[in-house]
Amino acid sequence: MTVDDRVDPRIARDGWAAYRAFVNPMVALRAELLGEPVRVHTVDEGRLVEERGLVEDFHGTQTFGHRNPVVTAAVMEFLASSSPNWYPARVNPYAGALAKALCERSTRTASGDRPAYDNVFFANSGSGAVEAALKLGRAATKRPRVLSIDGAYHGTTMGSCALMKPGMFRDPFGPHLPGCAALPFGDVDALATAIRANDVAALILEPIQLEGGVRAHPPGYIDAACELTAAHGTLLVADEVQTGLGRTGRFLASEGWARRPDCVVLGKHLGGGLVPISAMMTRAELFERAYGGHYASAEAHNTTFSGHALACVAGLATLGLLTDEVITRVARLGAAFRAQLATTLARHPLFEDVRGDGLLVGIGLKPSDHPWLSFEHFGVEGLADQPSIGVIVCHRLYKRGFYAFACGHDWRILRILPRYNIAEATLDRFVATIDEELGVVSELV
Ligand SMILES: Cc1ncc(COP(=O)(O)O)c(C=O)c1O
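Okay, here's the thing in C-alpha cells:
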C-alpha cells in the first residue's frame, strides 16, 4: 500500500482528534468504548482496512462495497469533464436522466405495464425525501393528518422525527408536528379507525421496519393498508430507504403489494455510497395536484442541490450495477445465508431467531438477566434499562473483522446488511464467527 492510498496525511494528522473535539465527542467515545473499527484508512476490494486488518461492513450503505470502482470511475469522469454540476434554472439533464431511469427501473418486472412512477423529487438524505413525501401528501390532499407505525424509523428532520417511535430520536425535539400519530404495529382495526374520517393525508410505513428490529408486518396488514388508503383517498407512502434498490431481492420491496404505494422513498446507497442523494418517487398526477397550480407553486418544495449532476452521475452508475442478475443473487444468497444462520445458531440459548428478506437480515438475541451483562455492570447507568446483549456481540464481531450494529429501536436485534457483491465464503466465515462468539458469550452467563 502506498501513502497515496491512505487517508490524506494532512487530514490524518489531527483529523481523528478534531472529530472528537469539533464534531461529536460522544460518538467518538462510544466508538472507542465499543472497540469499533474507527481508524479505517484504506479500501481494499470493497472492504475497509484498519490496524487490526480487513473489515467487512454490514451497515448497508455501501451496497457494492466501499469506493466501488464503477461508481468511482463515473464520478471521476464527470469531474474530469467541463460539464456544469449545478444548473441555475434547475432544469438539469442529469436529474432528468436519473429520474427517468428510476421510474423505468421500478416497473421493469411487469412487462408492458405503464410505469408505476413518473415523477421524482431528489433530496440529499433519506430524511429529506421522507419530508418531501409528507409535504406532497398534505399539499395534494389538503388534509392535516399523517400516520406512521409504532417502531418506525423515518429520519431526523422535524417532520420525519415526529413520525418516530418515542425515545431518543424523538423525545428531545417536541412539541412535534401537529396531526402526526403512530398506529400500533400490525393492528388493522386501529388503522381502519384512524383513517375513516377521511382527514388523513398520508400513511407512511417501511415494508420491513429495520431499526424497529427487522420486523415484517403481519400477514394481511399490507393488503389492508393498500385497500384502506385507496378507499379513503390517503396517500400510501413506502419508506424504502432501507428496503429499496434490491436489498430484499426485489428492486422495490413494495413491488408485489396489492397496489403500488403512491410514493416511494429511496436513499442510502442510491449514490453508490459515494455521493449523498435520495429520491421520492410518485405519480405526475399527484405532483400536479400538489404543485402544478402555477409557476410559483412549482418550486414550493425544493432544495438547493436537488439532483445536482455529480450525485445523479453516481446514481446512474449505481443503477447500472443493479442488474436483474444482481437482484436475483441477493434473493438467492439472502435465503441461503438466513437459513444457514438459523440452523447454525439454534444451539445457543441466547439465540432467538433470524428475520428479514433478501440481504436485509436480523439476528434476534435473547436478553440475558445476568448482572455481568448489564450496562450497570459496565458503569453505564444511563442505559440500565437497555438490553446489552446485541452491543456485546457487536463488540466481539468488531475484533473479528465484521462491522455490524444493533437495531436503533431494539438493541436485542443485530442488523446485518451485507453488500450485494459479497463473496459467499465471507458469509460462511461470518456464520462461523458469530457461532463462536455466541458460544463464548453464552458461557459467561
Ligand atoms: C427507513 C428509513 N427512513 C429514513 C431514514 C433517514 O435517512 P437519512 O439518515 O439519510 O436521513 C433512515 C435512516 O436510516 C431509514 O432507515
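Note that this note's numbering gives residue 999 to position 292 of the sequence shown, counting from 1, and the numbers run on in steps of one. The beta-carbon is built from N, C-alpha and C at its ideal position, and this holds for glycine as well.
Spanning the alpha carbons of P983 and G833 requires a straight line of approximately 9 Å. Here the alpha carbon of G844 sits roughly 11 Å from the alpha carbon of Y998. For E913, the distance from the CB to the nearest heavy atom of ligand 1 is below 6 Å. When secondary structure is reduced to three states using DSSP, R845 falls in the helix class. Within 6 Å of the C-beta of G974 there is at least one heavy atom belonging to ligand 1. In the DSSP assignment, I1070 is bridged to V1061 and L1121. A direct Cα-Cα distance of roughly 26 Å separates R812 from R922.
Here the C-alpha atom of P1094 lies approximately 38 Å from the C-alpha atom of F829. Here C887 is bridged, per DSSP, to V853. For S985, the enclosing beta strand (DSSP E) has its first and last residue at S985 to T989. For L761, the secondary structure class from DSSP, reduced to helix, strand or coil, is strand.
Residue F892 holds the alpha-carbon nearest to the alpha-carbon of A859 among H1015, R727, L942 and F892. In the DSSP assignment, V895 falls within the alpha helix (DSSP H) that extends over V895 to I902. In terms of Cβ geometry, T770 and Y1127 form a close pair [threshold 7 Å]. I1120 places its beta carbon 7 Å or farther from that of G874.
For F994, the three-state secondary structure derived from DSSP is helix.
Per DSSP, the beta-bridge partners of V907 are R852. Taking the Cβ of H766 as the reference point, every heavy atom of ligand 1 lies at 6 Å or farther away. Judged by the Cβ position, Y1110 fails to qualify as a neighbour of ligand 1 at the 6 Å threshold, every heavy atom of the ligand being at least this far. If you draw a straight line from the Cα of T1035 to the Cα of G956, it is about 6 Å long. Placement of the Cβ of D1064 at a distance of 6 Å or more from every heavy atom of ligand 1 is found. Under the 8 Å Cβ criterion, the segment 1030-1047 does not count as touching the segment 991-1011, having fewer than three qualifying pairs. The three-state secondary structure of V1098, taken from DSSP, is helix. Below 8 Å, enough C-beta pairs join the segment 775-795 and the segment 969-989 to call them touching: three or more.
Between ligand 1 and Q769, a heavy atom-to-CB distance of less than 6 Å is absent. F1109 sits in a strand when the DSSP states are folded into three classes. F1012 and E995 have their alpha carbons spaced roughly 22 Å apart. With respect to G1108, L761 sits close: the two C-beta atoms are nearer than 7 Å. G1089 and S1081 have their alpha carbons spaced roughly 11 Å apart. Secondary structure note for L786: its alpha helix (DSSP H) is the uninterrupted segment P776 to A787.
Membership of L943 in the beta strand (DSSP E) is indicated by the continuous run L942 to D946. Taking one beta carbon from each stretch, the segment 1007-1022 and the segment 865-885 have fewer than 3 pairs nearer than 8 Å; the two do not touch. For P885, the closest C-alpha among the options W723, R852 and A908 is that of R852.
Distances from the CB of V971 to the heavy atoms of ligand 1 are all 6 Å or more. If you draw a straight line from the Cα of G1097 to the Cα of T863, it comes to about 24 Å. Less than 7 Å divides the Cβ of Y1110 from the Cβ of F765.
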